[in-house]
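Undergrad: Numbering (this note's numbering), first residue to last: 24 to 505.
Positions of the beta carbon are idealized from the N, C-alpha and C atoms, including for glycine.
These figures come from a predicted structure and were not determined experimentally.
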Amino acid sequence: MRDFRPVFFIIGVLLCIQSIVMLIPAIIDLINQNTDWQIFLFSSLITFLTGLMLFFSFRNQKNKINLRQAYVLTIFSWILIALFSCIPFIFGSSNLNFSDAFFESISGITTTGATVIINLDELTEGILIWRSLLQWFGGVGIIVLALAILPTLQIGGMQLLHMEHDDPYEKTLPKVGQFVLEILLIYLLFTLTCSILYSFAGMDKFDSIAHAMTTIATGGFSTHDLSFGYYDSLSIQLVSILFMIIGSLPFVVYLKIIHGDWKVFFKDDQIKLFLLLILIISCLTSLWLFLTSSIEISKLFQISLFNIVSILTGTGYSNSNYSLWGGFGIVIMFTIMFIGGCAGSTTGGIKIFRLQLLFRGAQSQIRKLIQPHGVFITTFNKKTVSEDAFNSIMGFFFMYILIFIIASISLSFLGLDYLTAISAAASAISNVGPGLGELIGPSGNYNSLPVLAKWILSLTMLIGRLEIFTLLVVVSFAFWRK
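#1: Tell me whether F244 sits in a helix, a strand or coil according to DSSP, three-state version.
#2: I'd like the list of long-range same chain contacts for D190, defined as Cβ closer than 6 Å, with 5 residues on each side in sequence excluded.
#3: Is T134 helix, strand or coil when you go by DSSP?
#4: Evaluate the contact criterion for the segment 332–352 versus the segment 237–253: three or more CB pairs, one atom per stretch, below 8 Å.
#5: In angstroms, rounded to a whole number, what distance separates the CA positions of S122 and T443?
#6: Below 8 Å on the Cβ atoms is my contact criterion, and I expect P111 with I150 to pass it. Report the Cβ-Cβ distance as a whole number of Å.
#7: In the DSSP output, what is K322 paired with across the bridge?
#8: Buried or exposed for K228, going by 16 or more other Cβ atoms inside 10 Å?
#9: Could you tell me the boundaries of the alpha helix (DSSP H) in which I569 lies?
#10: Return the bridge partner residues of T407 from the DSSP annotation.
#11: On the criterion of 16 or more Cβ atoms from any shown chain inside 10 Å, does N120 qualify as buried, or is it exposed?
#12: Does the Cβ-Cβ distance between A476 and L439 come in under 8 Å?
#13: In three-state terms, what does DSSP make of Q56?
#14: Within its chain, find whatever has a CB closer than 7 Å to the CB of L157; leave out the 5 residues flanking it on each side and keep chain order.
#15: Could you tell me whether the Cβ atoms of G161 and T134 are closer together than 8 Å?
#16: On the three-state DSSP scale, how would you describe W285?
#17: Where G277 and T241 are concerned, what is the direct C-alpha to C-alpha distance, given to the nearest angstrom?
#18: Mapping DSSP to helix, strand and coil, what is V30?
#19: Rounded to a whole number of angstroms, what is the C-alpha to C-alpha distance between S471 and Y221?
#20: S256 by DSSP, collapsed to three states: which one?
#21: One question on the structure: do F31 and F81 come within less than 8 Å of each other, judged by their Cβ atoms?
#22: In terms of residues, what are the limits of the alpha helix (DSSP H) holding E148?
#23: Around the Cβ of V95, are there at least 16 other Cβ atoms within 10 angstroms (buried) or fewer (exposed)?
#24: Ordered along the chain, which non-local residues of its own chain (more than five positions away) have a Cβ less than 6 Å from that of T195?
#25: Assuming contact is defined by CB atoms lying nearer than 8 Å, are L296 and Q379 in contact in what I supplied?
#26: Between T401 and the rest of its own chain, which residues show a CB-CB distance below 8 Å, the 5 nearest in sequence each way excluded?
#27: So, are the CB atoms of I294 and L272 less than 8 Å apart?
#28: Short of 8 Å in beta carbon distance, which residues of its chain neighbour I33, apart from the five on each side in sequence? Order them along the chain.
#29: Roughly how far, in whole angstroms, is the beta-carbon of S453 from the beta-carbon of G372, given that I think they are within contact range, below 8 Å?
#30: Who are the Cβ neighbours of K207 in its own chain at under 7 Å, not counting the five residues just before and after it?
#31: In the structure shown, what three-state DSSP assignment does I4 receive?
#32: Can you confirm whether the segment 33–45 touches the segment 69–78 when touching is taken to mean that 3 or more C-beta pairs between the two stretches lie within less than 8 Å?
#33: Under 8 Å, do T308 and I355 count as touching if we go by C-beta distance?
#34: Can you round the beta-carbon distance between I334 and V455 to whole angstroms, since I take them to be within the 8 Å contact cut?
#35: Which same chain residues, not among the five before or five after S450, have their C-beta less than 7 Å away from its C-beta?
#36: Just the C-alpha distance for I259 and Q325, rounded to the nearest angstrom, thanks.
Below, the structure written as structure tokens:
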């Protein structure tokens, strides 16, 4: 029998931490005289007692976990945190049923940003800040997961993050506490800076804090039903664009900068392509809108840039209903849902580095057909990519598309129209949030979807967030054999 006792011990610690975080919205509701503070206090107590039980039951077990245990820990920690996060949504002012509460929780913790709540402007401050906290911790959690765990599991080419031997992150990897502390401090600094700039741009204090957490996490939960359309402020949107991009860049680069390598930002292949894509796609979309509307080009570029950055980074904010942009606009927004940001960031999607290597691998294959005896090497950041890493990326890409197709077909079978089904599946697996069309587009939400559709999308969000193979490995028969 497999020994997963160390996994339960660590999950117990995580639940105790989660219970402490639940006190933040409790205090905010108590200050604002909202009765939801009692719900958050109750939720914190239940979560803490469960975590404490797991902690003391398995505390004498060795803390070092093996490869198999790492897979189980990765999956069950996210699921259990999402389950306990449901409690305030069920008993609080949001008054959601279990299916909707789990959907909202998993959407938050995976930084997807899809919501089933239709009256955000009427909710208490505690529930609103709880949604932001879920995304904030989900964002820093996926960074640690991407930089510390996934590369060692050889998942989807994430081992490429280990390629540079002078990487300060590699030196701190054996000292996990120091590594996590550095990441958390950088993440916290960006969040505070974003919140301050939001305040200067015109947001009130509460909104600036709530949106700063979901911006740097590229999550997209807002405190208003209209999202950023509520503000109609260029300065607020510029702050958002800046920090959505910051959250989409590899945090290993920020670690390198802290350790003295200031040139790394300009040498990273991912960053250069990512920024170039933003510029090109925004310009093309602005041109299309200019040709099909009577609005001035500067205003159209502002609208295009904000929404392109939001969807490309998987954040999901909106200041315009891009479902009404016409054929070209819809195709562009649907396509960039799959791309995502850089590896080692808070974003979802296929990731820039995988697309780069797939393209470079295709180039090498074409050259081999022309010169059968030639030797062609695929590189990333001037380092040779091993065949194992490339095969891992190929497998990831295949499974990504396959799961998207299965999710789309499943949603269509439940009666959803074509555009809703495929955009919901794409949004879920890429952790984007809003889809396309009237139902789940930027002016709608997921509230009216069938219950089974919400569970399918919840599972798809989790699979996409955990880089596909993490979950598929655990559900395979081979994983449980001796």
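TA: With the given structure in hand:
#1: It is coil, neither helix nor strand.
#2: Note that D190 scores 39 on pLDDT, short of 50, meaning its location in the model is unreliable; the coordinates nonetheless yield the value given after this. Apart from the 5 residues on each side of it in sequence, D190 has no Cβ closer than 6 Å to any other Cβ in its chain.
#3: If DSSP states are grouped into helix, strand and coil, T134 belongs with coil.
#4: Segments in contact, yes.
#5: Counting only the Cα atoms, T443 lies some 20 Å from S122.
#6: That belief holds up - the Cβ atoms of P111 and I150 are roughly 7 Å apart, short of 8 Å.
#7: For K322, DSSP records no beta bridge to any residue.
#8: With fewer than 16 other beta carbons inside 10 angstroms of its own, K228 counts as exposed.
#9: The requested residue 569 is not part of the displayed model; the chain covers only 24 to 505.
#10: In the DSSP secondary-structure assignment, T407 is bridged to T402.
#11: So N120 ends up on the exposed side.
#12: Cβ atoms of A476 and L439: closer than 8 Å.
#13: When DSSP states are grouped into helix, strand and coil, Q56 belongs to the coil group.
#14: These residues qualify, in order along the chain: S108, S128, G131 and I132.
#15: In contact: G161 and T134 (Cβ atoms closer than 8 Å).
#16: In this structure, W285 counts as coil in the three-state DSSP scheme.
#17: It is Tyr, not Gly, that sits at residue 277 in the sequence shown. For Y277 and T241, the distance between alpha carbons rounds to 17 Å.
#18: Secondary structure of V30 (DSSP, three-state): helix.
#19: In this structure, the alpha-carbon of S471 lies about 32 Å from that of Y221.
#20: S256: coil per DSSP, three-state reduction.
#21: Closer than 8 Å, so yes.
#22: Where E148 is concerned, the enclosing alpha helix (DSSP H) stretches over E148 to V167.
#23: V95 comes out buried.
#24: Note that T195 scores 36 on pLDDT, short of 50, meaning its location in the model is unreliable; the coordinates nonetheless yield the value given after this. So the qualifying residues of the chain are Q201 and F202.
#25: Yes, the pair counts as a contact, with Cβ atoms nearer than the cut-off.
#26: Cβ neighbours of T401 beyond the five flanking positions: L380, R383, G384, S387, T407, V408 and F413.
#27: In this structure, L272 lies closer than 8 Å to I294 by Cβ.
#28: Answer for I33: N86, I88, L96 and S100, listed in chain order.
#29: Here S453 really is in contact with G372; their C-beta atoms are around 4 Å apart, less than 8 Å.
#30: Looking at the sequence itself, residue 207 is Leu, so the reference to Lys does not match. The residues are V163.
#31: Past the edges of the chain, shown from 24 to 505, lies residue 4, and the structure says nothing about it.
#32: Touching, yes, given that three or more Cβ pairs across the two stretches are closer than 8 Å.
#33: Taking 8 Å as the Cβ cut-off, T308 and I355 qualify as a contacting pair.
#34: 6 Å between Cβ atoms; contact.
#35: Counting only Cβ-Cβ distances below 7 Å, and skipping sequence neighbours, we find A137, M360, G456, P457 and G458.
#36: I259 and Q325: Cα-Cα distance of roughly 12 Å.
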